Amino acid sequence: MARMSIAEALRQAIREEMRRDERVFCIGEDIGIEGGFGGAFTVTLGLSDEFGHERILDTPVSETAIAGVAIGAALAGMRPIADVQYGDFLFCMMDQLANQAAKLRYMSGGQVSVPLVMRAPVGATARGAQHAQSLEAFFCHIPGLKVVAPATAYDAKGLLKSAVRDDNPVIVFEHKLLYGSKGPRSERGALSPIGEVPEEEYLVPIGQGIVRREGKDVTIVAKLLMMYRALAAADILAEQGIEAEVIDPRTLVPLDKELILASVRKTGRLVIAEEDNLTGGWAAEIAAIVADEAFIWLDAPIKRVSAPDVPPPFAPLLEREYVPNEEKIVAAVLSLF
Amino acid sequence: MAVDIIVPPLSQTMDSVLLVEWLKAVGDEVVKGEPLFVIETDKAHLEIEAPASGILQEVLAQAGSEVAVRSTIGVIASADEARPVSPRPEPAPEAARPASRAATAARHPAATGPGGQLLPAERQQRIFASPRARRLAQQEGVPLDEVQATGPQQMIVERDIRAYLAQRKAVPKATPVARRVAEAAGLDLATLAPLPAARITRADVEAALAAREAAAPAGVQWVDLSPTRRTIACRMAESQQAAAEVTLTRQADATELVRLREQILAELSEEDTRPTYTDFLVLIVARQLKRHPHLNAITDGERIGLSEEVHVAVAVDTERGLMAPVLRNADKKGLLQLARERAELVRRALDGIITPEELSGGTFTITNLGSLGVDAFTPIINPPQAAILGVGRICPAPAVHEGQLCIRQLMHLSLTFDHRVVDGAPAARFLGDVVQWIEKPHLIWL
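So the sequence lines, in the order shown, correspond to chains A and B.
All the letters of the first sequence, read from the start, carry residue numbers 1 to 337 under my numbering.
All the letters of the second sequence, read from the start, carry residue numbers 1001 to 1446 under my numbering.
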């Protein structure tokens, strides 16, 4: 076992997949440039030394170009790992992702596939509304895309490797506060989720959630940064005699629905925590599934703890109010008893 | 006074039944006792009688739908209070459900619902309960209008139903006089509280006491069931009710086994535990079970579990009652080890220091009444197991052996099996193989 940050785990996953399969290459802005950071968050740092600039491909500042090249290459049989510096820039690529990448396999009757990996950092980190959004719900809504959201080093490596080997476009959402708290590009307030990663080869299958903490009184579903806040909330709740079960879905599409339903059947209560805005969000979808399929097991209303329906604020004080924290999760849980 | 039409609990095993058809239409006159609707259980179609006379005022479940046992599927109104019936086939609004909801109105005096908002008139009598609480209440037959709500937004939640159930169990409703009379006579009110809502009166208690007097012959001393006795009672009754038990009996010529045992005993040292016939049977049965997996099985009524491992329970008569400690992996152990382990388990059972773990997990049971002089009997399966072998005494008797009439050591084996799990022929083959090894014990080593 080696201990490493999520950024290091992602880098290791990319390195192993590039060594394993010649068709794998990386494309993005400033990902391999001399003297650069290795992408916005150091994930590709040093990879151009081993693989050269033909496989660690720097582009002009044009997300449209990144998407076009990556999707075209995927259609032609390559297995690109593209990234955007901030997930917010995915909106620039929206036509190519939503209308092309997501649909071509379906529209061609399976004659072509788009084995694209699109990595995108999300989360508010005092960088203002255009560098802070949590975009998961947008992409969960588009049939034809898979969506994963690893919150630990182990999952980051295992899921990224599974994503590279998947024949469908997979969007990998990474949280800026989870890359690691050290190094030149660490964000203020970053957590240090250093985790154990096996030396030997492993994959985390797409579509499998995990119970991060077992409990019998309430189910809290949370991903990425919110998973850590849910665990902190569970500690506070435990002091008050409430045993919360924390579920990290890890993959958002396809969702490990049964894991969540089974937990709710046990606890009878559900709180979903997410960093996205409330309306039409991912939490709403989880709530709808449980209301539909486990209604009779519910002992209280379903609660969402989401960001309010405003753009992510720049001011640190406002941002702290905007991003859900453990106190808000605890309050939501307590309202169910 | 309107009367709810309730689906009667007709089957121990079903929570819901199929509503096949209504024999009356909404608006029809019904007479108490005449067939009102038809349901299908796991066994049959049954016509259910009207619980009251009046007008079939509304129907809350349509023919062809699954309806929960004890749920309300319609209302009969008395002729004078029946409203003009609307032609709409769907259920009438809540306000049309009279009487039984009256108690609720008092609980919501301000006629507000969750969150404190003012309720529309037709919702004012509604009981607010979580889906989970409703489910449990229906399962346990709890009337929601008697439950105290403590949940969020003044809603009845699961814990409220559980609290109600705990209280109902602890203190059945009874008049103070009834309570005093029952207490003086040492009568547990819970034993005569069939209806949660009904209050037990002095007359009920006196009737129960009279019945008890009449039923018991003179000079009877009542003793409460001990925990062990209670476990035995439950398990035996459960076994008899749930399993389809069939007993096969077969005679075995144990002459060779008797001889073998004597030879073995002659070779043993002082420290060795002397193996009994039970130990020989455990050895033979355990190894045969490995070859007959369907006899080495458990069932929960829905599924059959074939056990990879053979754990043989052996019935032991103790002061506290019957116990069946388990010899784990008995097929993998030798005779002396089995004898030693069984002797130790029996000692612990007799001393009352045996643990629940040592009494659980068996996959087959052997019960030996031979030492008490019994020849053959019909043992009852130890649930969830699928079979039990009853062992009778070994005694010299005239028999035909190799064409000659001579005195042989004969015994009877009684195999009871659960016909839900295994059929007669495989059970008979298992019994035959056991008998063969008793008669030719040298085959055990093959």
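All residues carry an ideal CB built from backbone N, CA and C; glycine is no exception.
This structure is a prediction, so every number in the text was calculated from the model and none was measured.
Taken in chain order, the complete alpha helix (DSSP H) segments of 4 or more residues contained in the region 1125–1175 of chain B are 1131–1140, 1158–1170. Between the region 1237–1245 of chain B and the region 1307–1319 of chain B, the count of Cβ pairs shorter than 8 Å is below three; the stretches do not touch. A:L237 has a beta carbon lying at 8 Å or more from every beta carbon in chain B.
Any Cβ of chain B closer than 8 Å to the Cβ of A:G215 would place that residue at the interface, and such an atom is absent. The beta carbon of A:I27 lies closer than 7 Å to those of L57, T59, I66, V69, A70, P80, A82 in the same chain, with the five residues before and after it left out. For A:K303, the enclosing beta strand (DSSP E) starts and ends at 303–307. Between A:P115 and the set A:L318, A:A163, A:A149, A:Q96, the nearest pair of CA atoms involves A:A163.
At a cut-off of 3 residues, the continuous stretches assigned as beta strand (DSSP E) that sit fully inside the region 96–127 of chain A are 117–122.
Annotation: A:A76 is outside any beta strand (DSSP E) and is labelled neither H nor E by DSSP. Taken through DSSP and simplified to helix, strand or coil, A:S162 comes out as helix. Taking a C-beta distance under 8 Å as the contact criterion, B:I1055 and B:I1005 do not qualify as a contact pair. Its chain contains T1228, R1229, I1232 as the residues whose beta carbon lies nearer than 6 Å to that of B:G1321, once the 5 sequence neighbours on both sides are disregarded; these appear in chain order. Contact of A:A300 with chain B is assigned, a C-beta pair being separated by under 8 Å. In the DSSP assignment, A:G195 is bridged to A:M4. Residues of the same chain with a CB within less than 7 Å of the CB of A:D299, apart from the 5 flanking positions on each side, are G268, R269 in chain order. Within the model, the alpha-carbon separation for B:R1348 versus B:H1419 is close to 34 Å. Inclusion of B:A1427 and B:A1387 in the CB contact set at 8 Å is warranted, their separation being smaller than that value. Per DSSP, A:V323 has no beta-bridge partner at all. Closer than 8 Å to the CB of A:L270 there is not a single CB belonging to chain B. The Cβ atoms of A:I260 and A:V290 lie closer than 8 Å to each other. Taking the CA atoms as reference points, B:Q1153 sits about 22 Å from A:A273. By the neighbour-count criterion, in which 16 or more other beta carbons inside 10 Å mark a residue as buried, B:W1437 falls on the buried side. In this structure B:L1060 is not in contact with B:E1049, their Cβ atoms being roughly 18 Å apart against a cut-off of 8 Å. In the three-state DSSP reduction, B:Q1337 falls in the helix class (H, G or I). Ranked by Cα distance from A:L237, the options A:K328, A:L224, A:Y202 are led by A:K328. Counting only runs that start and end inside the region 1271–1310 of chain B, the alpha helix (DSSP H) elements of at least 4 residues fall at 1277–1291. For the 8 Å CB-CB criterion, B:A1174 and B:L1187 do not form a contact. In chain order, A82, I171 place their CB closer than 6 Å to the CB of A:M118, counting only its own chain and leaving out the 5 sequence neighbours on each side.
Taking C-beta atoms under 8 Å as the contact rule, A:A284 and A:L224 fail to qualify, at a distance of about 17 Å. Assigned with DSSP and collapsed to three states, B:P1383 falls in coil, not helix or strand. Per the Cβ contact rule, the region 1398–1413 of chain B is not in contact with the region 1340–1358 of chain B (fewer than 3 Cβ pairs under 8 Å). Interface with chain A (8 Å Cβ-Cβ cutoff): B:R1132 is included.
For the set B:T1041, B:S1269, B:A1216, the Cα lying nearest the Cα of B:V1020 is the one of B:T1041. Among the bridge pairs identified by DSSP, B:Q1251 is matched with B:H1412. B:W1445 is classed as exposed because its beta carbon has fewer than 16 other beta carbons within 10 Å across all chains shown.
Within chain A, D299, A300 have C-beta atoms less than 7 Å from the C-beta of B:V1157, given in sequence order.
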